[in-house]
Amino acid sequence: MEYYFHQYGVLLIYTVLALFVPVGMLLVSYMAQFIKVRPSRPTQVKLSAYESGLPPFSPKPVMFNFRYYYYALLFVVFDVETVIIYPWAVKYGLLSQQFGFIALGAMLVFLFVVTIPFVYAWRKGDLEWIYNQK
Amino acid sequence: MTDFLYENVIFRLIYCNLSGSSDKCVNEYGYVQGIFPAGFEWLAFLLAGFLLAFIFINGILGAVILSIWGERRLYGRFQNRLGPNRWGPWGLFSSVADAIKVMFKEDVVPSDADRLLFNIAPILMVFPVFMIFSVIPMGIGTFVVDLNVGLLFILSVTSMSGLAVVIAAWASGNRIAIFSGLRAVAVLISYEIPMALSLVGVLMFAGTLSLGGIVEQQKIPFILLQPLGFFVFFLASLAEINRTPFDLTEAESELGAGYLNDYSSMKFGIFFLAEFAATIGSSAIITTVFLSGWKGPDILPSQFWFLLKLVIVLIAIVWVRMSWPRLRIDQILELAWKGLFELTLINIVATAILVTIWPNPTMGEIWIMAGINWLVAIPSVIVVGKVLRRKDNKTIQAGRDNEPYPVGTETLAPSLVNKVGEK
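From first to last, the protein sequence lines are chains A and B. If you number the first sequence the way the working numbering does, the last residue is 141 and the count never jumps. If you number the second sequence the way the working numbering does, the last residue is 1699 and the count never jumps.
Here it is in structure tokens:
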């Protein structure tokens, strides 16, 4: 227990420093403004969004392709799958010594169940970026 | 405390020299008298942790400066030109000059930007990259911490960088940046699945998630036992760090600088730092997991072997970048879902069968397993490649009859859609 406490204590110190380093870089760069090293002369043209030199004409909010949502949904399904596979994989050496191929069979059943929506999405054409409607 | 002091050599050195009459240091490791009086062990612990983290983070920053210089020299070699050679010997200080310059540039925040998110995004981008290095063993006893969930920690922390990209893109208030951010998220989340699943085979052989444990379990480097896993992981990590051939978030000809479009000064510098540090980080993961980390002949210290393997992987990444053109977004996403995902499933099943047959392999059996895995890997890569290629040809032929759809472009503004559609 004490071991974990010390380990995660050091990790916490590291985390704080890892957050502090970029913040400190930004602060130093910001401070340079006050000793007249870094210029700060904003104009209206400079402050407009850079859209390849043209005056910005984006509608707000921007519209985008709905296909991104398909990938997000599929990602949720298979990321959960990964989370469940990991503990099984770590203990697989012990499991297979005890249960033999049953340990593999149990995971194959799970993989098969998860593969059904994948095949369905593939057949439906959700994995294609260019959707050819027949 | 015994375990942690025993394992982590640098921490032990600092802690035992600071804390006064700590029993562990005196009795087990023979340190005589520290700087602090007795009762200040907590202060020694805090200071030692701080110094350890300070050394590692500064090491990363130095490594990034060096790797930018090294990569630019290598690009020069590949393109038959000199590369940076003015500042310092062989142009060694040109990255330092760049870092100083970028610090004193004017910082422009666009008027449409969401100021808070715009400032947070670079910090969120570089933070996970620093966290990768906290669990990687860079030699015997040379690490910050060796978590027993190290690999899972890395995977969870790195998935934060996708969030940083989309925050940066959204906060800019620029349509080009938003398209770039959306593409980045689509690619990052698609490749996270093959990346995570390709490590499952390694976990089955190693039986632990701790990176130090994985290195110790490698009697031969896991690249020989897990060729398919290495292949998938290498491609997926190229996609995760936005390297060519998967760098369409920063496709200059389509999106300008992508989500970096409106960033300037130190914020741009931090994004740049994060990108190169991520390259080093993913090479460090590849070195640790697949190339047996710090292991090597005893004639040189373990840290040297780790660095040597790291540099070899970095050069391989630069080589890929110099050799391959950028892929289209449909090709990239198809490769992730229809190619690499299936390869990882094949790898998991093949590895599981081998581990069941030889639970406690001798050296000869390990080589037999490696041979079988290569025999599985090469045909399956070829078959999947053929399937993907045939699909691509078919789409082109069928596309003649259909409405030609501009590949890789996102939805146009409603005012423009009618003009394009009318012809």
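Heads up, the beta-carbon is just placed ideally off N, CA and C, and yes, glycines get one too. It should be emphasised that the depicted structure is a prediction, and the values quoted were computed from it without experimental measurement.
Query: Would you verify that the beta carbon of Val52 of chain A is, or is not, closer than 8 Å to some beta carbon of chain D?; Result: The chain labelled as chain D is not found among the protein chains of the depicted structure, namely A and B.
Query: Give the range of the alpha helix (DSSP H) segment to which Arg1597 of chain B is assigned.; Result: 1578-1599
Query: List the residues of chain A whose Cβ lies closer than 8 Å to the Cβ of Asn1450 of chain B, in chain order.; Result: Ala56, Tyr57, Glu58, Pro63, Ser65
Query: What do you get for Asp1574 of chain B, buried or exposed, if any count of 16 or more other CB atoms within 10 angstroms of its CB means buried?; Result: exposed
Query: Could you tell me the alpha carbon to alpha carbon distance between Leu1392 of chain B and Gln1607 of chain B, rounded to whole angstroms?; Result: 36 Å
Query: Tell me, please, whether the CB atom of Tyr99 of chain A is closer than 8 Å to any CB atom in chain B?; Result: yes
Query: Could you give the DSSP three-state label for Glu156 of chain A: helix, strand or coil?; Result: In this structure chain A extends from 8 to 141, so residue 156 of chain A is not present and cannot be described.
Query: What are the boundary residues of the alpha helix (DSSP H) that includes Gln104 of chain A?; Result: 99-106
Query: Let me know the secondary structure DSSP gives Leu1423 of chain B once reduced to three states.; Result: coil
Query: Alpha carbon to alpha carbon, how far is Lys1571 of chain B from Asn1636 of chain B?; Result: 21 Å
Query: Tell me the rounded alpha-carbon separation between Leu1576 of chain B and Asn1424 of chain B.; Result: 28 Å
Query: So is Asn1356 of chain B buried or exposed if we call it buried at 16+ other beta carbons inside 10 Å?; Result: exposed
Query: Which of helix, strand or coil does DSSP assign to Gln1673 of chain B?; Result: Its pLDDT being 49, under 50, Gln1673 of chain B is placed unreliably by the model, and nothing is read from it.
Query: Would a C-beta distance cut-off of 8 Å place Ile1496 of chain B and Ala1646 of chain B closer than the cut-off?; Result: yes
Query: Determine contact between the segment 1471-1490 of chain B and the segment 1404-1416 of chain B, defined as no fewer than three beta-carbon pairs at a distance below 8 Å.; Result: yes
Query: Taking the C-alpha atoms as reference points, what is the distance between Ile109 of chain A and Ser103 of chain A?; Result: 8 Å
Query: May I ask you to verify whether the segment 1517-1524 of chain B touches the segment 1455-1475 of chain B, counting CB pairs closer than 8 Å and requiring at least 3?; Result: yes
Query: Between Trp1581 of chain B and Asp1390 of chain B, what straight-line distance do the alpha-carbon atoms span, to the nearest angstrom?; Result: 46 Å
Query: Who are the near neighbours of Ala128 of chain A in its chain, counting only those whose CB is closer than 8 Å to its CB and skipping five residues on each side?; Result: Tyr77, Leu81, Leu134
Query: Any beta carbon of chain B sitting closer than 8 Å to that of Leu111 of chain A?; Result: yes
Query: Under 8 Å, with one C-beta from each stretch per pair, do the segment 1541-1549 of chain B and the segment 1365-1382 of chain B reach the 3-pair mark?; Result: yes
Query: Quick one: residues in its chain with C-beta nearer than 8 Å to the C-beta of Ile1499 of chain B, no 5 flanking neighbours on either side, listed in chain order?; Result: Phe1506, Phe1566, Leu1567
Query: Please decide whether Arg130 of chain A counts as near chain B, where near means a Cβ-Cβ distance under 8 Å.; Result: no
Query: Could you give the DSSP three-state label for Asn1395 of chain B: helix, strand or coil?; Result: helix
Query: Any beta-carbon of chain B closer than 8 Å to the one on Phe41 of chain A?; Result: no
Query: Please state the DSSP three-state secondary structure of Phe1429 of chain B.; Result: helix
Query: Which of the three DSSP states, helix, strand or coil, is assigned to Asn1649 of chain B?; Result: helix
Query: Touching or not, the segment 42-55 of chain A and the segment 1432-1447 of chain B, by the rule of three or more beta carbon pairs under 8 Å?; Result: no
Query: Does the beta carbon of Leu1576 of chain B sit closer than 8 Å to a beta carbon anywhere in chain A?; Result: no
Query: Within the 8 Å Cβ cut-off, does Gly1697 of chain B reach chain A?; Result: At Gly1697 of chain B, the pLDDT of 46 sits below 50, so the modelled position is not reliable and the matter cannot be decided from this model.
Query: Is Arg1676 of chain B buried or exposed, if buried means 16 or more other CB atoms sit within 10 Å of its CB?; Result: Confidence in Arg1676 of chain B is poor, its pLDDT being 45 and thus under 50, which makes the residue's placement unreliable; the coordinate value appears in the next sentence. Arg1676 of chain B should be labelled exposed.
Query: Could you tell me which of B:Phe1552, B:Leu1590, B:Ile1633, B:Gly1569 sits nearest to Val1405 of chain B, measuring between CA atoms?; Result: B:Phe1552
Query: Does the segment 1610-1627 of chain B come within contact of the segment 1469-1484 of chain B, defined as at least 3 CB pairs closer than 8 Å?; Result: yes
Query: Would you mind giving the Cβ-Cβ distance between Ser1578 of chain B and Ile1416 of chain B, rounded to the nearest angstrom? I have them listed as a contact below 8 Å.; Result: 5 Å
Query: Under 8 Å, Cβ to Cβ, is there at least one residue of chain B near Val17 of chain A?; Result: yes
Query: Using a Cβ-Cβ distance under 8 Å, would Ala1554 of chain B count as near chain A?; Result: no
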